[in-house]
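Mapping of the sequence shown onto the working numbering: position 119 corresponds to residue 158, and the numbering continues sequentially without gaps.
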Amino acid sequence: KYSTALLAAITATATSGTCAFQSAAITSSRRTTTTPPSIYPTNTALLAATLNDSSTQQVSSPTAAATATTGGKRKKTKAERLELASKGLQVHVIGLSIHHAQVEVREKLAIPESEWNEQSALITSTGQVEEAAILSTCNRFEIYFAASDPHEANARVMEFLQERSGLPVSVLRRNIFMLEGDDAVWHLMRVAGGLDSLVVGEGQILSQVRQCHLHSIEEDGCGGKVLSRLLNNAVAAGERGRSE
């Protein structure tokens, strides 16, 4: 009964702007839903393509080579900026949790809170990911990010996970989950509400999501307008769910 009531409260907060975390270019072409998915479907084709690319990806273009050499974020041309603006940004999450990930894998990917912004900047440094925020706790590790090209963005985050953990793609594949769009938004709402915790409704995770939001809007944070608004609304949904 508690889970149902809490989910209903979160739903009331989240559905007031389910697609508010996507730019107008995406929102106008998608149908808004007010029913939370009971199961989050994973885009199998995208997952397979991303994992296959991540295992063999090399610096193959002059642009990528230049970026890798300088170690900084390449400045986009005017044509590229216009193209990105027309596509809009969409929310994604890649992560693992205590429900379906091995302890050794979680330990290898864990990031101290003091390094959340530093590692987020590393993810966005190559240009495929526009915004990023990390939520790393003892029970879960999740990277929320916004990008216009889902294939390139997922490949970049997978590359980051490989480099940090030193694990092969085959091991990561068995432990991670990948969600995008409304599914990613609903997942964060459930996390903030404590519905994805071992103890339903526990309050510590809400505090951790709040810290994730605060770090993302710091001067060296990589939250941006999309993720900062998403995280702020997740905190509000978690607070409302517990109070009602």
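Heads up, the beta-carbon is just placed ideally off N, CA and C, and yes, glycines get one too.
Who are the near neighbours of residue i in its chain, counting only those whose CB is closer than 7 Å to its CB and skipping five residues on each side?
i, result
"residue 215", "133, 134, 135"
"residue 93", "Residue confidence is low: residue 93 scores 44 on pLDDT, short of 50, so the model does not pin down where it sits. Its coordinate-derived value is still stated next. Closer than 7 Å at the Cβ level, and outside the excluded window around residue 93, lie 194, 197, 198, 201, 208."
"residue 181", "132, 134, 174"
"residue 189", "85, 129, 131, 219"
"residue 271", "252"
"residue 263", "169, 170, 185"
"residue 289", "Residue 289 lies beyond the stretch modelled for the chain, which goes from 40 to 283, so this question has no answer here."
"residue 257", "156"
"residue 206", "144, 147"
"residue 150", "158, 173, 175"
"residue 142", "none"
Locate the alpha helix (DSSP H) running through residue i, then write down its first and last residues.
i, result
"residue 278", "263-282"
"residue 257", "No alpha helix (DSSP H) contains residue 257, which DSSP labels as neither H nor E."
"residue 146", "142-148"
State buried or exposed for residue i, treating a residue as buried only when at least 16 other CB atoms are found within 10 Å of its CB.
i, result
"residue 260", "buried"
"residue 233", "buried"
"residue 242", "exposed"
"residue 267", "buried"
"residue 169", "buried"
"residue 213", "exposed"
"residue 237", "exposed"
"residue 247", "buried"
"residue 171", "buried"
"residue 265", "buried"
"residue 97", "Per-residue confidence for residue 97 stands at a pLDDT of 43, beneath the threshold of 50, marking its modelled position as unreliable; the derived number appears in the next sentence. Under this definition residue 97 is an exposed residue."
"residue 159", "buried"
"residue 74", "Here residue 74 scores only 42 on pLDDT, less than 50, and its place in the model should not be relied on; the value that follows carries that caveat. Label assigned to residue 74: exposed."
Who are the near neighbours of residue i in its chain, counting only those whose CB is closer than 6 Å to its CB and skipping five residues on each side?
i, result
"residue 249", "274"
"residue 235", "229"
"residue 167", "191, 192, 195"
"residue 147", "204"
"residue 144", "214"
"residue 155", "173, 254"
"residue 179", "136"
"residue 116", "none"
Note down, in chain order, each residue of its chain lying with its Cβ closer than 8 Å to the Cβ of residue i, except the 5 sequence neighbours on either side.
i, result
"residue 152", "175, 250, 254"
"residue 278", "245"
"residue 211", "90, 144, 197, 200, 201, 204"
"residue 118", "none"
"residue 161", "199"
Residue i lies in the beta strand (DSSP E); which residues open and close that run?
i, result
"residue 129", "129-136"
"residue 219", "216-219"
If you measure from the beta carbon of residue i to each beta carbon in chain D, is any gap under 9 Å?
i, result
"residue 271", "Checking the listed chains, one finds no chain D in this structure; it contains a single protein chain."
Can you check the region 163-250 for any alpha helix (DSSP H) of at least 4 residues that lies completely inside it and give the ranges in chain order? 189-204, 208-214, 221-232
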